[in-house]
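Going down the list, the sequences are from chains A and B. So the first sequence is residues 295 to 483, counted in the working numbering. So the second sequence is residues 531 to 844, counted in the working numbering. Here is the structure we will look at, set down as structure tokens.
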Amino acid sequence: MITLGSQGKNTFLEDVNVKSGANVLECYQCGKCVSTCPVSQYMDFPPREIMQMIKLGLRNECYMANSHWFCLTCSACSGRCPREIDIPAVMEAVRHLAIDQNYVNDSKKVKEIRKFHEIFLDMIKRYGRNYELRMMAEFNIRTRNLFKDMHLAPKALLKGKIPLGVKPLKSAKAIKRMFAIAEKLEKNK
Amino acid sequence: MKKLTYFPGCSAHGTSEEFDSTLKLVLKTLDVELEDIPDWNCCGATSAHVMTENLAYALPMRNLVLAEKLENTTMGIACASCYQRMKVTKVHMDENPELAKRINSTVVEEGTYQGKVDVKSMLQYFYEDIGVEPIREKVKKSLAGLKVACYYGCLLTRPKNITNFDSPEYPVSMDQICEALGATATEFDYKTECCGASFSISNTEVVLNLSGQVLAMAKESGAHAIVVACPLCQSNLDMRQPDIEKQQGVKYDIPVFYITQLMALAFGHPIDQLKFPKHIVPVEGALANIGKVAPVPEKVKKPIKAVEAESEAK
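Laid out in structure tokens, this is it:
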């Protein structure tokens, strides 16, 4: 495989390509992804720069960037990419690699985004389905921001917009087992 | 009578209960019988695929396997996010049997994945399996006078190679259904922009910004209301609207309907069954336009001769 910018083999590029199924080398840096991306203004490095950083083998910099945490997987970029690269899959590959290799971005925003996803998965593990009210409450407790969105609560609860309980699955055990096996699969990759 | 395997999704029992209940009214009128997937589980939504690859496929696969045990081979999904996860899983499993086998090892009791169930969003089901004309035929009370901005969000039509439905840039299926109900669909350029989706709780600032843009563009298009087919779009645009108004210093006052609420209304279902009181932004103002003759646009173009005369006078 042709590699750019680094001496020897660009293992990072290979890792991302294998994991995402995309070929990052096809990117010719036109920047259409950046102008399309609804959240590029919040990213440390917008998608175009991440693509180039992968080509240059800048593994640590990519892992530590907040970009892959801010990606909403809305697929607007890949729909308009003239090279038809699946950029959300590339972002996801970088994120999964960063998680697997225990990289932690400890900026407040990234911590909160990550915490939200962890709590959401925890709800599924426990109930088989999402328990919306509990998820919101746990998020506020675990991010130490007790009063977040509390101004919405009276209206939302009174109108029955957010129900108080959840009906757990009958086969809750099957879901717990699924989580256990999936976790093992993740480790043995 | 047609049959359809139904996946409601977690929010149908929560924040989007009105989507689920009005969908059932509409399908009754359209003579479709729903069969729930027994003991379905959460699809994992955004969080599963953000954090881990295996779980992101495993959770939807269990539902697909359960659906395969039912007689019918089409699964209709209310929530756009559930639809996306289920369809991604189906496409990737069908493409890659080795991956399917690995993921199937997490679904122990339910059985082997065979890939024989087709996955559709309810919007897609209405458009492709029911059709616009049969929907038009069921209309008892035309919505003429109501102008709507049809908002699809990111997940119903993108990515094209997964959804294989409508246009990823300027879809028209929901517009055509709304027009069949008698409403007018406005020219709305933000049809497929993202509302901020799963950042609703963890990164509200982004949602206020992105959903604010969608509201602004819908208002500019001249719409009285926004129509959606996604629970997350609805709650971001409706529940967060007062905060957006406060932040931007603008009053939008634009209600956000599920497509099924408008269909049920046009099909003549009693208004007290449409769950309008659940909306944060009141719907009465927008619905008052129904039956009114469309107003003459304010900016009527001056005849060319008048413009020429003006410039000569200068």
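A virtual CB, placed ideally from N, CA and C, is assigned to each residue, including glycine.
Residue i at chain B interface by Cβ criterion, 8 Å
i: C324 of chain A; result: no
i: N317 of chain A; result: no
i: R423 of chain A; result: yes
i: S369 of chain A; result: yes
i: I475 of chain A; result: yes
i: K403 of chain A; result: yes
i: M430 of chain A; result: yes
i: E406 of chain A; result: yes
i: I435 of chain A; result: no
i: I379 of chain A; result: no
i: I393 of chain A; result: yes
i: G454 of chain A; result: yes
i: I344 of chain A; result: no
i: F306 of chain A; result: no
Which listed residue (the options) has its alpha carbon closest to that of residue i
i: L653 of chain B; options: B:P689, B:G606, B:V621 and B:Q644; result: B:G606
i: P457 of chain A; options: A:K464, A:F433 and A:A447; result: A:A447
i: F797 of chain B; options: B:A715, B:M769 and B:C708; result: B:C708
i: S732 of chain B; options: A:S334, A:F414, A:R377 and A:F339; result: A:F414
i: K599 of chain B; options: B:D773, B:E565, B:G574 and B:Y587; result: B:E565
i: K671 of chain B; options: B:Q803, B:M793, B:K533 and B:E547; result: B:M793
i: Q778 of chain B; options: B:D802, B:I801 and B:V744; result: B:V744
i: S372 of chain A; options: A:E320, A:A466 and A:C327; result: A:C327
i: Y788 of chain B; options: B:E775, B:A755 and B:Q771; result: B:A755
i: W570 of chain B; options: B:K554, B:R592, B:Y587 and B:L767; result: B:R592
i: V318 of chain A; options: A:Y336, A:Q335 and A:V384; result: A:V384
i: L612 of chain B; options: B:H799, B:G821, B:A759 and B:A816; result: For clarity, residue 612 of chain B is Cys in the given sequence; the question names Leu instead. It is B:A759.
i: D719 of chain B; options: B:S751, B:E625 and B:Q706; result: B:S751
i: P772 of chain B; options: B:Y782, B:C763 and B:T582; result: B:Y782
i: V618 of chain B; options: B:N602, B:G641 and B:K650; result: B:K650
i: V388 of chain A; options: A:T330, A:V312, A:L452 and A:K478; result: A:V312
Partner residues on chain B for residue i, Cβ-Cβ distance less than 8 Å
i: P457 of chain A; result: H543, G544 and E547
i: M472 of chain A; result: L585, A588, L589, R592, T636, V637 and V638
i: L479 of chain A; result: N584, R632, S635 and T636
Beta-bridge pairing of residue i - partner residues as DSSP gives them
i: M605 of chain B; result: B:T535 and B:V649
i: F787 of chain B; result: B:V757
i: E563 of chain B; result: B:K533
i: A679 of chain B; result: B:I756
i: A903 of chain B; result: With chain B running from 531 to 844 in the structure shown, residue 903 of chain B is simply not present.
Neighbour flag for residue i against chain A, beta carbons, 8 Å
i: M769 of chain B; result: yes
i: T636 of chain B; result: yes
i: A759 of chain B; result: no
i: I731 of chain B; result: yes
i: K808 of chain B; result: yes
i: K721 of chain B; result: no
i: H799 of chain B; result: no
i: K831 of chain B; result: Here K831 of chain B scores only 46 on pLDDT, less than 50, and its place in the model should not be relied on; the value that follows carries that caveat. No, no contact with chain A.
i: L589 of chain B; result: yes
i: P812 of chain B; result: no
i: P627 of chain B; result: no
i: C680 of chain B; result: no
i: C763 of chain B; result: no
i: C724 of chain B; result: yes
i: C612 of chain B; result: no
i: C708 of chain B; result: no
Integer-rounded CB distance, given that residue j should sit under 8 Å from residue i
i: I692 of chain B; j: A748 of chain B; result: Actually they do not touch by this definition, with Cβ atoms about 26 Å apart.
i: A674 of chain B; j: G712 of chain B; result: 4 Å
i: N424 of chain A; j: G351 of chain A; result: 39 Å between Cβ atoms; not a contact.
i: I810 of chain B; j: D768 of chain B; result: 5 Å
i: S369 of chain A; j: C684 of chain B; result: 6 Å
i: P332 of chain A; j: E723 of chain B; result: 6 Å
Chain B residues whose Cβ lies nearer than 7 Å to that of residue i
i: S372 of chain A; result: P689
i: V333 of chain A; result: V736
i: A450 of chain A; result: M769
i: Y336 of chain A; result: V736
i: L352 of chain A; result: What L352 of chain A touches in chain B: nothing, since even the nearest Cβ is about 22 Å away.
Within chain A, the residues that residue i reaches when beta carbons sit closer than 7 Å
i: E583 of chain B; result: H390
i: L740 of chain B; result: P332
i: P698 of chain B; result: G373
i: C609 of chain B; result: The contacting residues do not exist; C609 of chain B stays about 11 Å from chain A at best.
i: C540 of chain B; result: R423 and N424
i: C572 of chain B; result: I418, G422, R423 and N424
Within chain A, the residues that residue i reaches when beta carbons sit closer than 9 Å
i: D569 of chain B; result: G422, L463, K464, S465 and A468
i: A727 of chain B; result: L366, T367 and C368
Listed by chain order, chain A residues near residue i by CB distance under 8 Å
i: A575 of chain B; result: F414 and N424
i: H579 of chain B; result: T367 and E386
Amino acids of chain B, ordered along the chain, whose beta-carbon sits closer than 9 Å to that of residue i
i: F441 of chain A; result: Result: empty, since nearest Cβ-Cβ is about 13 Å, beyond 9 Å.
i: F339 of chain A; result: Going along chain B, no residue has its Cβ under 9 Å from F339 of chain A, so there is no contact; the nearest lies around 17 Å.
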